[in-house]
Every structure is written in structure tokens, then in C-alpha cells.
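Input: a single structure, listed below in C-alpha cells.
Number of protein chains: 2
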Amino acid sequence: MNQKEKNDFPKERILNEAEILFAQRGYHAVSIREITNAAQCNLAAVNYHFGNKENLYLEVFRARWMPRARRVIDCFDKTLASQDSLSPRAVIQALTKAFLEGPLSDEERQRHHLLMARELAQPTKALELVAEQIMGPFFQKLADKLRVFMPENLGEECLKLNILSVFAVVLYFNFARVAVTRITGREYDPDFKARLMEQIIQFSLKGLGGSEKGDLR
Amino acid sequence: MNQKEKNDFPKERILNEAEILFAQRGYHAVSIREITNAAQCNLAAVNYHFGNKENLYLEVFRARWMPRARRVIDCFDKTLASQDSLSPRAVIQALTKAFLEGPLSDEERQRHHLLMARELAQPTKALELVAEQIMGPFFQKLADKLRVFMPENLGEECLKLNILSVFAVVLYFNFARVAVTRITGREYDPDFKARLMEQIIQFSLKGLGGSEKGDLR
DNA sequence: GTCTATAGCAGGATAGAC
DNA sequence: GTCTATCCTGCTATAGAC
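So the sequence lines, in the order shown, correspond to chains A and B. First residue of the first sequence? That's 0 in numbering that gives the first Met the number 0, and the numbers climb one at a time after it. First residue of the second sequence? That's 0 in numbering that gives the first Met the number 0, and the numbers climb one at a time after it.
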């Protein structure tokens with residue numbers, strides 16, 4: 000059975016619509032009626048397939064969010080592997096690219112980040128899940144790649160804080176689109192996004208290590 | 000009438016409890032019954048004093064969030080005024096300090112940032128209000144203070160993006176406490192917060208301009 | 001697996017006594 | 001201004017026919 004057919008089962012349609020609505024308005028603001036209407040199926044289908052509303056929410060993370068995050072990480076890995084030499088610039092660039100362009104469509108990415116922003120503001124079991132299976136391992140991978148470029152005397156904690164700072168910049172320009180648009184007066188069109196990527200890379204790279212060309216050992 | 004007496008009116012108590020609960024769990028997850036119970040007053044009091052739930056939420060921003068934001072900005076202004084010379088380091092330091100230490104208690108600050116994080120993820124009229132009256136003017140002020148230190152050929156947009164990047168780092172370490180604690184294994188105790196402040200200042204300063212000592216003209 | 005029907009409850013809002 | 005009592009809507013969840 001191919002993907003298209005599979006996506007036409009009510010269970011799949013419910014997951015799709017639930018994700019969209021939860022991302023847009025949050026868990027409590029969305030009713031299962033709304034979800035099943037959007038998915039064009041019966042109200043009772045949610046309870047039949049997922050038991051209850053909370054478990055549907057978790058399943059959105061298990062069956063949608065996490066696979067998508069893995070695609071983003073794969074993209075990061077591939078971009079990095081295609082470079083002939085590993086450098087901080089290459090790492091940051093691959094990271095920024097995977098997060099801001101990468102394999103996701105604009106809507107997909109916005110949904111993805113909104114769901115995570117909500118979890119960070121108000122953690123549920125979903126964050127537990129994601130932190131354990133996705134964020135933790137990926138962060139470790141980043142640390143391993145960057146460690147060799149940092150000064151020898153730099154502690155492990157300092158390395159972590161530096162990487163978190165890079166994440167901060169990358170994520171902020173996604174989470175806080177409203178604020179960014181308001182301040183700069185610019186919409187997130189391809190032009191501005193290219194501009195943003197350049198800004199993020201430059202800023203992070205400098206923040207990470209000093210000047211751009213190889214101060215990092 | 001002094002502040003203490005004033006705070007004992009039901010209207011004030013409702014605002015206090017509403018802010019706490021909205022920050023903790025978000026608008027939709029909190030009922031006015033819960034709020035009035037916490038405020039030890041009658042259910043009907045919300046509708047009497049604020050008309051309806053939505054307007055109570057807005058009033059939390061008008062009567063609590065915004066005045067508090069003004070206190071933070073005042074703190075920033077005073078810290079900066081106490082320096083004998085204006086430098087990027089002084090500005091960033093004052094900014095970080097005002098946001099991470101500043102005049103707010105830990106609980107107050109967390110509430111404050113949570114409310115804003117929710118607004119950024121899902122903007123309502125409250126963000127409109129705050130953007131117009133607080134964020135916009137403050138951002139302008141920051142830009143004015145930093146502009147003179149940036150290279151002459153640096154465009155206005157680039158300046159804005161740089162300042163936003165600094166905000167990104169400052170705010171992330173507040174918004175994403177859960178993630179930071181999980182990754183670093185450290186709680187936000189005074190010790191770690193001092194460590195964070197140093198990290199944020201260093202990273203931002205480098206990101207902003209290159210090396211720490213005066214590369215910025 | 002999918003539907004209808006409905007139980008059972010919690011929410012926002014208001015009327016009207018005090 | 002504050003209270004009680006109540007209306008009405010909309011929610012989750014389930015029972016049971018098909």
C-alpha cells in the first residue's frame with residue numbers, strides 16, 4: 000500500500016488535522032469535534048483510534064513530529080557529509096540550513112516549531128519523549144563535532160552553553176517571527192530568509208569563537 | 000490608601016491570581032472559577048469587574064505585565080546611566096542584567112516571560128498592545144545606543160538583526176529553561192545564573208562585533 | 001471500523017437578592 | 001460591590017446499532 004492511500008485512512012487524517020490545529024491554537028483551545036470535522040470523520044473515531052484526547056496529542060508527536068525531526072537531522076548529516084572538511088562554519092551552516100530551509104515546507108516547519116514552542120512554555124509528556132529520543136542525542140552529536148575546534152581549556156559546560164546559544168539564535172528567528180516581522184518590517188519571504196540565514200551564521204560563528212577565519216584553533 | 004490595602008480588593012486579587020494561572024497554564028486551560036477561587040472571591044466578580052474572561056486577560060497585561068516591563072526598562076536605564084562611558088559591553092551587560100536579574104523576583108520573572116512566550120507562540124491583542132507601547136520603543140532605544148558603535152557601512156537592517164540576535168540569546172535562556180536544565184544538568188540557582196550571564200554577555204558581544212576589546216570602531 | 005445518540009459534566013455568563 | 005442560583009452551551013467519553 001502506498002503512502003497516499005495510507006494517508007486516506009481516518010486515523011491518518013485525524014493525526015494530520017490534529018497536528019495542524021494543536022500547532023495553531025494549542026491543546027486546550029482545540030476540541031476533538033473540530034479535529035474530526037476537519038478530518039471529515041466521526042467524532043467517536045478519536046476515542047476509538049487513540050483512546051482519548053491526550054493520547055492523540057502524544058501520538059501527534061510520536062507519529063508526526065519525531066519522524067519529521069529525524070528528517071531534519073538527516074538533512075543536517077548529509078549537508079555536513081558533503082563538505083570536504085569539517086569546520087565550525089560548516090557545522091553552523093548545516094545546522095542553520097537544516098532548521099531554516101531543510102526538507103520541510105514552510106507550513107510544515109512553522110507547525111513543527113510552534114508545537115515545540117508550546118511544549119517549552121508548558122512541558123508535557125511529549126517533551127519528555129522528544130528530549131530523550133531526539134534533542135538529547137542530536138545535541139550530543141553537535142557537541143562531539145564542535146569540541147575539537149574549541150580551545151583545549153574550554154570546559155564541557157562552556158561548550159554546551161555555547162551550542163545552546165547558537166540554538167537560541169536559530170530558534171528565536173523561528174519562534175518569534177511575529178516580533179521579528181514587526182521590528183524589521185519584513186515578511187518571511189525567500190529573500191528575507193536568505194538574509195536571516197547569513198545573519199545567523201555570522202553572528203553564531205563570531206559568538207562561538209571570535210573572528211570568522213579560524214580563531215578556533 | 001496604601002498599596003497593601005489596595006491589593007486586598009477583590010479586583011486586585013483577581014488580577015494577581017489570573018496572571019499566575021494564565022502564565023502557568025495558558026488562557027484556555029484556566030477557568031474563571033479557578034481564578035475566583037484562588038482570589039477568594041465570587042465567580043461573578045470577574046464579569047462584574049472585567050466584563051468577560053478575555054478582557055480580564057488583556058487587563059493582566061495592561062495592569063501587571065506592562066508596568067513590570069517598565070520597571071525592567073528603568074533598571075536598564077539606571078544601570079547604564081551609572082556607567083561612566085557608553086560601550087557595547089555596557090549596553091549588553093545592562094540589558095542582560097535587567098532581564099536576568101533586574102528588579103523582578105524569580106517567580107515574577109518566570110511569570111513575565113511565560114506570558115510573553117505564549118503570546119509569541121499565539122499572538123492576541125495583548126501582543127499588539129505590548130509591542131506598540133513597550134517593545135517597539137525599547138528596541139528603538141537600544142538601536143540608538145548601539146548604532147554609533149557599529150561600522151559606518153552597516154545598514155539599519157543589519158543593526159536590527161544584530162540586536163534581535165542578542166535578544167534571542169537573552170530570551171532563550173529564560174524561555175527554554177526546561178531544555179537548558181535538561182542539557183546542562185544544572186538548575187537555575189544563583190550560581191548557574193551568574194554563569195549564564197557571563198556566557199550571554201561574552202557570546203553576544205563577540206557575535207555583535209568581533210573580538211571583545213573594541214573591534215567595534 | 002464507522003456511525004448515531006446520549007450521558008454526564010464543566011465552562012462562561014447573567015439575573016436578581018442583598 | 002458582592003453574593004447565590006441558574007441558564008445554556010459545548011466539551012469528552014461511551015454505549016450500542018450497523
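Where a beta carbon is used, it is the ideal one built from N, C-alpha and C, also for glycine.
Item to check | Ordered list of alpha helix (DSSP H) runs contained in the segment 163–199 of chain A, each at least 4 residues | outcome: At a cut-off of 4 residues, the continuous stretches assigned as alpha helix (DSSP H) that sit fully inside the segment 163–199 of chain A are 176–183.
Checklist entry - What's the C-alpha gap between residue 50(B) and residue 41(B)? => result To locate residue 50(B), count along the second sequence from 1; it is residue 51. To locate residue 41(B), count along the second sequence from 1; it is residue 42. Between residue 50(B) and residue 41(B), the C-alpha separation is close to 14 Å.
Checklist entry - When you check each C-beta in the segment 156–184 of chain B against every C-beta of chain A, which residues fall closer than 8 Å? => result Closer than 8 Å at the C-beta level to chain A, one finds these residues of the segment 156–184 of chain B: 156, 157, 159, 160, 161, 163, 164, 166, 167, 168, 170, 171, 172, 174, 175, 177, 178, 179, 181, 182 and 183.
Next on the checklist: What residue range does the alpha helix (DSSP H) around residue 84(B) cover?
Outcome noted: For this step, residue 84(B) is matched to residue 85 along the second sequence. No alpha helix (DSSP H) contains residue 84(B), which DSSP labels as neither H nor E.
Next on the checklist: Against chain B, with Cβ distances strictly below 7 Å, would residue 111(A) count as a contact?
Outcome noted: The residue given as residue 111(A) occupies position 112 in the first sequence. Residue 111(A) is outside the set of residues whose beta carbon lies under 7 Å from a beta carbon in chain B.
Item to check | Pick from 99(A), 165(A) and 88(A) that is closest to residue 71(A), judged by C-alpha positions | outcome: Walking along the first sequence from the start, residue 71(A) turns up at place 72. It is 99(A) whose Cα lies nearest to the Cα of residue 71(A).
Next on the checklist: Suppose you measure from the CA of residue 101(B) to the CA of residue 172(A); what does that come to, to the nearest Å?
Outcome noted: Here residue 101(B) refers to the residue found at position 102 of the second sequence. Here residue 172(A) refers to the residue found at position 173 of the first sequence. So the alpha carbons of these two residues sit roughly 25 Å apart.
Item to check | Residues of the segment 124–146 of chain A with Cβ closer than 8 Å to any Cβ of chain B, in chain order | outcome: Listed in sequence order: 126, 130, 134, 135 and 138.
Item to check | CB contact check: residue 28(A) to chain B, cutoff 7 Å | outcome: Here the question's residue 28(A) lines up with position 29 in the first sequence. Judged by the 7 Å Cβ criterion, residue 28(A) is in contact with chain B.
Checklist entry - How should residue 82(B) be labelled, buried or exposed, when 16 other C-beta atoms within 10 angstroms of its C-beta is the threshold for buried? => result Residue mapping note: residue 82(B) aligns to position 83 of the second sequence, counting from 1. The residue is exposed, with fewer than 16 neighbouring Cβ atoms inside 10 Å.
Checklist entry - Excluding five sequence neighbours on each side, which residues of the same chain lie with their C-beta closer than 7 Å to the C-beta of residue 14(B)? => result Taking the second sequence and counting its residues from 1, one reaches residue 14(B) at position 15. Cβ neighbours of residue 14(B) within its own chain (closer than 7 Å, five residues either side excluded): 58, 59, 62 and 63.
Checklist entry - residue 92(A): which of 145(A), 196(A), 132(A) and 25(A) sits nearest, CA to CA? => result Within the first sequence, the letter at position 93 stands for residue 92(A). From the listed residues 145(A), 196(A), 132(A) and 25(A), the smallest Cα separation to residue 92(A) is found for 196(A).
Checklist entry - When DSSP labels each residue in this structure, what does residue 120(B) get in the three-state scheme? => result Here residue 120(B) refers to the residue found at position 121 when the second sequence is read from its first residue. Residue 120(B): helix per DSSP, three-state reduction.
Checklist entry - Any chance the segment 117–135 of chain A sits against the segment 156–168 of chain B, with 3 or more Cβ pairs inside 8 Å? => result Segments in contact, no.
Checklist entry - With a CB to CB cut of under 7 Å and the five nearest residues on each side skipped, what residues in its chain are close to residue 179(A)? => result As a working mapping, residue 179(A) is identified with position 180 in the first sequence. The residues are 172.
Next on the checklist: For residue 117(A), which residues in the same chain have their Cβ closer than 7 Å to its Cβ, ignoring the five residues on either side in sequence?
Outcome noted: Here residue 117(A) is taken as the residue at index 118 of the first sequence, counted from 1. Excluding positions up to five away in sequence, the list reads 25.
Item to check | DSSP state of residue 150(A) mapped onto helix, strand, coil | outcome: Within the first sequence, numbered from 1, the residue matching residue 150(A) stands at position 151. Residue 150(A): coil per DSSP, three-state reduction.
Checklist entry - What number of angstroms, rounded off, separates the C-alpha of residue 148(A) from the C-alpha of residue 169(B)? => result On the first sequence, residue 148(A) is found 149 positions in, with the first residue counted as 1. On the second sequence, residue 169(B) is found 170 positions in, with the first residue counted as 1. The straight-line gap from Cα to Cα measures roughly 25 Å.
Checklist entry - Can you tell me whether DSSP reads residue 92(A) as helix, strand or coil? => result Taking the first sequence and counting its residues from 1, the one referred to as residue 92(A) is at position 93. Here residue 92(A) carries a helix assignment [DSSP, helix/strand/coil].
Checklist entry - Taking just the CA atoms, how far does residue 122(A) sit from residue 211(A)? => result Counted from its first residue, the first sequence places residue 211(A) at position 212. Counted from its first residue, the first sequence places residue 122(A) at position 123. Residue placement at residue 211(A) is flagged as unreliable, the pLDDT there being 41, under the threshold of 50; a coordinate-derived value is accordingly withheld.
Item to check | Range covered by the alpha helix (DSSP H) that runs through residue 56(B) | outcome: As a first step, residue 56(B) is located in the second sequence; it is residue number 57 there, counting from the start. From DSSP, the alpha helix (DSSP H) with residue 56(B) extends over 52–59.
Checklist entry - If we count the other Cβ atoms within 10 Å of its Cβ and call it buried at 16 or more, is residue 87(A) buried or exposed? => result One-based indexing of the first sequence puts residue 87(A) at position 88. Counting the other CB atoms within 10 Å of its CB gives residue 87(A) a total of 16 or more, which places it among the buried residues.
Checklist entry - Based on Cα-Cα distance, which residue from 186(B), 69(B), 28(B) and 95(B) lies nearest to residue 52(B)? => result Residue 52(B) sits at position 53 when you count from the first residue of the second sequence. With distances taken between Cα atoms, residue 52(B) lies closest to 28(B).
Checklist entry - Whose CA, out of 174(B), 152(B) and 139(B), lies closest to the CA of residue 159(B)? => result In the second sequence, the residue the question calls residue 159(B) occupies position 160. Nearest option by C-alpha distance: 139(B).
Checklist entry - What is the rounded straight-line gap between the Cα of residue 34(A) and the Cα of residue 111(A)? => result On the first sequence, position 35 is the one that residue 34(A) refers to. On the first sequence, position 112 is the one that residue 111(A) refers to. The alpha-carbon atoms of residue 34(A) and residue 111(A) are separated by roughly 18 Å.
Checklist entry - Measuring CB to CB, does residue 113(A) end up less than 7 Å from residue 22(A)? => result For the purposes of this step, residue 113(A) is taken as the residue at position 114 of the first sequence. For the purposes of this step, residue 22(A) is taken as the residue at position 23 of the first sequence. Yes.
Checklist entry - When the cut-off is 7 Å and only beta carbons count, does residue 116(A) lie next to chain B? => result By one-based count along the first sequence, residue 116(A) stands at place 117. At least one chain B Cβ lies under 7 Å of residue 116(A).
Next on the checklist: Less than 7 Å between CB atoms is the rule here; does residue 213(B) satisfy it with respect to chain A?
Outcome noted: Residue 213(B) sits at position 214 when you count from the first residue of the second sequence. At residue 213(B), the pLDDT of 43 sits below 50, so the modelled position is not reliable and the matter cannot be decided from this model.
Next on the checklist: Assuming contact is defined by CB atoms lying nearer than 7 Å, are residue 206(B) and residue 206(A) in contact in what I supplied?
Outcome noted: The residue you call residue 206(B) lines up with position 207 of the second sequence. The residue you call residue 206(A) lines up with position 207 of the first sequence. A contact, by the Cβ cut-off of 7 Å.
Checklist entry - Which first and last residues belong to the alpha helix (DSSP H) in which residue 19(A) is found? => result On the first sequence, residue 19(A) is found 20 positions in, with the first residue counted as 1. For residue 19(A), the enclosing alpha helix (DSSP H) starts and ends at 9–24.
Item to check | Run of the alpha helix (DSSP H) containing residue 48(B), from where it starts to where it stops | outcome: As a working note, residue 48(B) is residue 49 in the second sequence. Counting along the chain, the alpha helix (DSSP H) containing residue 48(B) begins and ends at 43–49.
Checklist entry - Between the Cα of residue 6(A) and the Cα atoms of 38(A), 182(A), 20(A) and 32(A), which residue gives the shortest distance? => result On the first sequence, position 7 is the one that residue 6(A) refers to. Checking every option, the nearest Cα to that of residue 6(A) belongs to 38(A).
Item to check | C-beta neighbour in chain B for residue 202(A), strict 7 Å | outcome: For the purposes of this step, residue 202(A) is identified with residue 203 of the first sequence, where counting begins at 1. By this cut-off, residue 202(A) is an interface position.
Checklist entry - Distance, Cα to Cα, residue 54(A) vs residue 45(A)? => result Position 55 of the first sequence, counted from the start, is the residue given in the question as residue 54(A). Position 46 of the first sequence, counted from the start, is the residue given in the question as residue 45(A). The straight-line gap from Cα to Cα measures roughly 9 Å.
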